[in-house]
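**Student:**
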Amino acid sequence: MTDVVRKDVLTKLANGDYNCEKEFTLSMFSGKYKLVILWELGHVSSMHFNELFRVIDGVTKKVLSNQLHELVSDKLVERESYEENNRELVIYRIAPIGKTLLPIIDSMYSWGRDRIQDYQIPSSFKLDVAKDLNHEAKS
2 MTDVVRKDVL
12 TKLANGDYNC
22 EKEFTLSMFS
32 GKYKLVILWE
42 LGHVSSMHFN
52 ELFRVIDGVT
62 KKVLSNQLHE
72 LVSDKLVERE
82 SYEENNRELV
92 IYRIAPIGKT
102 LLPIIDSMYS
112 WGRDRIQDYQ
122 IPSSFKLDVA
132 KDLNHEAKS
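When you read off a place in the sequence shown, starting at 1, and then add 1, the result is the number in my numbering.
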């Protein structure tokens, strides 16, 4: 879905039919893992694909590859390949234009960190739900 939004925005922009800055900005990092990828790359000098794969919970290699491809295509992330021990290796780093998003992403991270407890489910509720599920499973 986010890929469709992104393509739609880019098509409208290419045709000169588009001037909504907010939607354009959101389309550049909309995607399930793009913010996380940008945040991770923004706080280190570079990372290999497998390093990103290990630090991003729940991502599949296919999704990570697609998200990185889009971020590179949008010039938010740079991809560099090099050879080491007769193997081609690839590193990713945040591009200069991607770095301009870091204050926004860091603010979003801080906002979420400061408010996440407001939305936490009380542990007693979790226990009650677990008991109910156990009871239903035995029935």
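Even glycine gets a Cβ: it sits at the ideal position worked out from N, Cα and C.
Give the DSSP-derived three-state secondary structure of Ser82 in the structure shown.
**Tutor:** Here Ser82 sits in strand by DSSP.
**Student:** Nearest to Asp58 by CA position, among Val78, Tyr34, Asp75 and His49, is which residue?
**Tutor:** Closest by alpha carbon: Tyr34.
**Student:** Identify the continuous alpha helix (DSSP H) that holds Ile98 and give its terminal residues.
**Tutor:** Here the alpha helix (DSSP H) through Ile98 covers Pro97 to Lys100.
**Student:** Per DSSP, what kind of secondary structure is Leu90 in: helix, strand or coil?
**Tutor:** Leu90 falls in the strand class under three-state DSSP.
**Student:** Tell me His44's beta-bridge partners as DSSP assigns them.
**Tutor:** Answer is none; His44 lacks a bridge partner.
**Student:** Pairing CB atoms from the stretch 11-24 with CB atoms from the stretch 90-110, are three or more of them under 8 Å?
**Tutor:** No contact exists between the stretch 11-24 and the stretch 90-110.
**Student:** Excluding the 5 residues preceding and the 5 following Ser82 in the sequence, name in chain order all residues of the same chain whose CB lies nearer than 6 Å to its CB.
**Tutor:** Closer than 6 Å at Cβ, skipping near neighbours: Glu89 and Val91.
**Student:** Counting pairs of beta carbons, one from the stretch 38-46 and one from the stretch 54-68, are three or more of them closer than 8 Å?
**Tutor:** Enough Cβ pairs lie closer than 8 Å, so yes.
**Student:** Going by DSSP in three states, Ser140 sits in which element: helix, strand or coil?
**Tutor:** Caution is warranted here: a pLDDT of 47 is assigned to Ser140, below 50, making its placement in the model unreliable, and the coordinate value is therefore given only provisionally. In the structure shown, Ser140 sits in coil (DSSP, three-state: anything other than H, G, I, E or B).
**Student:** Across which residues does DSSP place His49 in a beta bridge pair?
**Tutor:** Ile92.
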